[in-house]
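Residue numbers are given in full-length UniProt numbering: position 387 of the sequence shown equals residue 387, and the series is strictly consecutive.
Ideal Cβ positions, reconstructed from N, Cα and C, are used throughout, including at glycine.
It should be emphasised that the depicted structure is a prediction, and the values quoted were computed from it without experimental measurement.
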Amino acid sequence: MGSVPAWTDEVLPLSWSSRSGRQQSRSEEDNWQIVKSALNSRRDDCRRRDGVKMPRVKAAQAVRQGPAKRRLAEHFAAGEIITDLTKKEWKLGLPVGQGGFGCIYLADMNSSKSVGNDAPCVVKVEPSDNGPLFTELKFYQRAAKPEQIQKWIRTHKLKYLGVPKYWGSGLHDKNGKSYRFMIMDRFGSDLQKIYEANAKRFSRKTVLQLSLRILDILEYIHEHEYVHGDIKASNLLLSHKNPDQVYLVDYGLAYRYCPEGIHKEYKEDPKRCHDGTIEFTSIDAHNGVAPSRRGDLEILGYCMIQWLSGHLPWEDNLKDPNYVRDSKIRYRENIAGLMDKCFPEKNKPDEIAKYMETVKLLDYAEKPLYQNLRDILLQGLKAIGSKDDGKLDFSVVENGGLKTKTITKKRKKEIEGSTESTVEDMECSNTQTEEATQTRSKTRKRVQK
């Protein structure tokens, strides 16, 4: 593919989804079932290719419809010009990956110069009749316009906000075929690769710094009527230019929990039990309930525990989703026991325990007090003699222990450059973590409107 700077499918993962408009004859539920079948089919193909054993799916969870027929996007040559809905022209650069539905290219505003390896944007392209990019576009158009993000940063006095900016979209005709595209920010490495390179441990300061920034992100998307539902290291990307900035990506299946200000009601649906990434997903999702704000915060709590301790108590049996759910329910009622299990040493992160205790008290439709949660984490930084300095200190790990020496600039570049994608990586973006470790069983089924 040539020399391409670090940018992978995880930056804007190919979590393609489909949702019909209200004017179409199919119901949203019918389309969602088709999409889930297509996603699961692609996931299963990826696992079989790499010899990953497939867990049995209960009949109640099986999708009845067959996978939707898909058409792949043809490759565009570097230098091709596309025009978005506002008539702004963009020039394509080298491809950086291909997935089951489309391709991703480096991109920049049109000029006489070719698009170089320092391009600030990427473009996602797919055949227009496939439809999966539609859902992600809706999120970005509603909640991620640059002016919206900048206004939020200004009014909330933030240094930055880790939500990718939407720069444009449109349709492009090539050889008599129509393609849908979306222009997005470009990013660097994902946290999962850094986490694994660090023997699956982050320092306490880094975990708290990351979580403070993720709380900023969640407050923003929640205020714009969406929940993410799949916070995890592989969906968190470092900025292409500033490795101290982290961005939450993969909104292709984000859920609009509060359309027009009306919160969805709590309703358990057996067909949607255990949606999400199994080790992190919320108890609500395990019970088939649509995602909500408290679910996102619960997921973040599990991430903090794993990043700091290196494991979660239920990771020994991820093939049994009921076991995972019951373990989470049991530990929700005994947060102290969860801390003892994950942190057997004396120096336990009391701030994470307090965070989990606070989140578990939230009602399904209750608006969280985000600043209270941030204050809890800030107290944790103070307890270790640190402060919120905005620095992500990815410390070197040896023999399971954390050294105080930070990664050198050279090492940071190596990590950031370690994620150049291949076609196979792109095709299996939703199961990349489990393929790397071959010890996890992830469910990429997601609830969406």
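Q.
In the DSSP output, which residue or residues are listed as bridge partners for Thr206?
A. Stepping through the sequence shown from its first residue, residue 206 is reached at position 206. Beta-bridge pairing links Thr206 to no other residue.
Q: Out of Ala285, Asp108, Asp250, point me to the one whose CA is closest to Ser234's CA.
A: Residue mapping note: residue 234 aligns to position 234 of the sequence shown, counting from 1. Here the closest residue by C-alpha is Asp250.
Q: Count the other CB atoms, across all protein chains shown, that sit within 10 Å of the CB of Arg213; report buried if there are 16 or more and exposed otherwise.
A: Counting from 1 along the sequence shown, the entry for residue 213 is found at position 213. Looking at its Cβ environment, which holds 16 or more other Cβ atoms inside 10 Å, Arg213 is buried.
Q.
In whole angstroms, give me the CA-to-CA distance for Val289 and Gly276.
A. In the sequence shown, the residue the question calls residue 289 occupies position 289. In the sequence shown, the residue the question calls residue 276 occupies position 276. Whole-angstrom Cα-Cα distance: 11 Å.
Q.
Tell me which residue opens and which closes the beta strand (DSSP E) that Glu298 is part of.
A. By one-based count along the sequence shown, residue 298 stands at place 298. No beta strand (DSSP E) contains Glu298, which is instead part of the alpha helix (DSSP H) from 293-309.
Q: Pick helix, strand or coil for Lys138, following the three-state DSSP scheme.
A: Counting from 1 along the sequence shown, the entry for residue 138 is found at position 138. If DSSP states are grouped into helix, strand and coil, Lys138 belongs with the helices.
Q. Thinking just about the alpha-carbon of each residue, which of Gly295, Ile231, Pro95 is nearest to the one in Leu361?
A. Walking along the sequence shown from the start, residue 361 turns up at place 361. Residue Gly295 is the option with its Cα nearest to Leu361.
Q: Name the two residues that bound the continuous beta strand (DSSP E) containing Trp314.
A: Position 314 of the sequence shown holds residue 314. For Trp314, no beta strand (DSSP E) encloses it, and the DSSP letter there is neither H nor E.
**Q.** Closer than 7 Å: Ser203 CB and nearest the ligand SAH heavy atom
**A.** What this structure holds is no ligand at all, so the ligand SAH is not there to describe.
Q: Quickly, what does DSSP pair Glu126 with across the bridge? List them, please.
A: Taking the sequence shown and counting its residues from 1, the one referred to as residue 126 is at position 126. Arg180.
Q. On the three-state DSSP scale, how would you describe Arg213?
A. Working through the sequence shown from its first residue, we reach residue 213 at position 213. If DSSP states are grouped into helix, strand and coil, Arg213 belongs with the helices.
Q.
Would you say Lys113 lies against chain B (beta-carbon separation less than 8 Å)?
A. Given the protein chain composition of this structure (a single chain), no chain B is represented.
Q. Assuming Val123 contacts Phe181 under a Cβ cut-off of 8 Å, what Cβ separation, rounded to an integer in Å, is found between them?
A. Here residue 123 refers to the residue found at position 123 of the sequence shown. Here residue 181 refers to the residue found at position 181 of the sequence shown. About 5 Å separates the two Cβ atoms, so the contact holds.
Q) Is Tyr331 helix, strand or coil by DSSP? A) One-based indexing of the sequence shown puts residue 331 at position 331. Here Tyr331 sits in helix by DSSP.
Q. Where does Glu225 sit, in a helix, a strand or coil, going by DSSP?
A. Indexing the sequence shown from 1 puts residue 225 at position 225. Reduced to three states, the DSSP call for Glu225 is coil.
Q: Go to Gly168, then tell me how far its beta strand (DSSP E) extends in each direction, as first and last residue.
A: The residue you call residue 168 lines up with position 168 of the sequence shown. The continuous beta strand (DSSP E) containing Gly168 extends over residues 166-174.
Q) Assuming Gly93 and Ala78 make a contact with CB atoms under 8 Å, what is their CB distance in whole Å? A) Along the sequence shown, one-based indexing puts residue 93 at 93. Along the sequence shown, one-based indexing puts residue 78 at 78. The pair is a contact, with the Cβ atoms about 5 Å apart (cut-off 8 Å).
Q.
If the criterion is Cβ atoms closer than 8 Å, does the pair Leu369 and Leu208 meet it?
A. As a first step, residue 369 must be located in the sequence shown, where it is residue number 369. As a first step, residue 208 must be located in the sequence shown, where it is residue number 208. Result no, Cβ atoms of Leu369 and Leu208 do not sit closer than 8 Å.
Q: Please state whether DSSP places residue 455 in a helix, a strand or coil.
A: Because the chain here runs from 1 to 449, residue 455 falls outside it and cannot be looked at.
Q: Assuming Ile149 contacts Gly168 (C-beta within less than 8 Å), just tell me the rounded distance between them.
A: As a working note, residue 149 is residue 149 in the sequence shown. As a working note, residue 168 is residue 168 in the sequence shown. For a cut-off of 8 Å, the C-beta gap from Ile149 to Gly168 is around 15 Å, too long to register as a contact.
Q: Identify whether Leu218 lies in helix, strand or coil by the three-state DSSP scheme.
A: Residue 218 sits at position 218 when you count from the first residue of the sequence shown. Assigned with DSSP and collapsed to three states, Leu218 falls in helix.
Q.
With H, G and I counted as helix, E and B as strand and the rest as coil, what does DSSP make of Ser234?
A. The residue you call residue 234 lines up with position 234 of the sequence shown. Three-state DSSP puts Ser234 in a helix.
(Q) Within the continuous alpha helix (DSSP H) that includes Thr86, where are the two ends? (A) Here residue 86 corresponds to residue number 86 of the sequence shown, with the count starting at 1. Segment: none, Thr86 is in no alpha helix (DSSP H) and carries neither H nor E.
Q) Exposed or buried, which one is Thr281 when buried takes at least 16 other CB atoms within 10 Å? A) For the purposes of this step, residue 281 is taken as residue 281 along the sequence shown, with counting starting at 1. Looking at its Cβ environment, which holds 16 or more other Cβ atoms inside 10 Å, Thr281 is buried.
Q. When burial is assigned at 16 or more other CB atoms within 10 Å of the CB, is Asp389 buried or exposed?
A. The count along the sequence shown starts at 1 and reaches residue 389 at position 389. Around the CB of Asp389, fewer than 16 other CB atoms lie within 10 Å, so the residue is classed as exposed.
Q.
On a Cα-Cα basis, can you pick out the residue from Leu308, Leu248, Glu366 that is closest to Ile262?
A. Counting from one through the sequence shown, the residue named residue 262 turns up at place 262. Here the closest residue by C-alpha is Glu366.
Q) With a CB to CB cut of under 7 Å and the five nearest residues on each side skipped, what residues in its chain are close to Arg374? A) Looking up residue 374 in the sequence shown gives position 374. Answer for Arg374: Leu212, Leu215, listed in chain order.
Q) So, using beta-carbon positions, are Lys328 and His286 closer together than 8 Å? A) Translated into the one-based positions of the sequence shown, residue 328 becomes position 328. Translated into the one-based positions of the sequence shown, residue 286 becomes position 286. Against a cut-off of 8 Å, the Cβ pair of His286 and Lys328 comes out as a contact.
Q. How about Leu248 and His228: do their beta carbons lie closer than 8 Å?
A. For the purposes of this step, residue 248 is identified with residue 248 of the sequence shown, where counting begins at 1. For the purposes of this step, residue 228 is identified with residue 228 of the sequence shown, where counting begins at 1. Yes, Cβ-Cβ distance for Leu248 and His228 is below 8 Å.
Q.
Taking a contact to mean a Cβ-Cβ separation below 8 Å, would you say Cys303 touches Lys232 in this structure?
A. Along the sequence shown, one-based indexing puts residue 303 at 303. Along the sequence shown, one-based indexing puts residue 232 at 232. It is a contact, given that the beta carbons lie within the stated cut-off.
Q. Bridge partners of Gly288, per DSSP?
A. Start at 1 with the first residue of the sequence shown, and residue 288 comes out as number 288. For Gly288, which the question treats as bridged, DSSP gives no partner whatsoever.
(Q) Looking at the strands, I want to know which residues DSSP matches up with Phe187. (A) Locating residue 187 in the sequence shown gives position 187, where the first residue counts as 1. Looking at the DSSP output, Phe187 shares a beta bridge with Ser239.
Q | Delimiting residues of the beta strand (DSSP E) encompassing residue 459 | A | The requested residue 459 is not part of the displayed model; the chain covers only 1 to 449.
(Q) Taking 8 Å as the threshold (C-beta atoms), are Ile283 and Glu298 in contact? (A) As a first step, residue 298 is located in the sequence shown; it is residue number 298 there, counting from the start. As a first step, residue 283 is located in the sequence shown; it is residue number 283 there, counting from the start. Yes; because the gap between Cβ atoms is below 8 Å, this pair is in contact.
Q) From the DSSP output, which residues share a beta bridge with Arg256? A) What you label residue 256 is simply residue 256 of the sequence shown in a count that begins at 1. By DSSP's assignment, Arg256 forms a beta bridge with Tyr226.
Q | Ser203 vs Ser395 beta-carbon contact at 8 Å | A | Here residue 203 corresponds to residue number 203 of the sequence shown, with the count starting at 1. Here residue 395 corresponds to residue number 395 of the sequence shown, with the count starting at 1. With contacts defined by Cβ atoms closer than 8 Å, Ser203 and Ser395 form a contacting pair.
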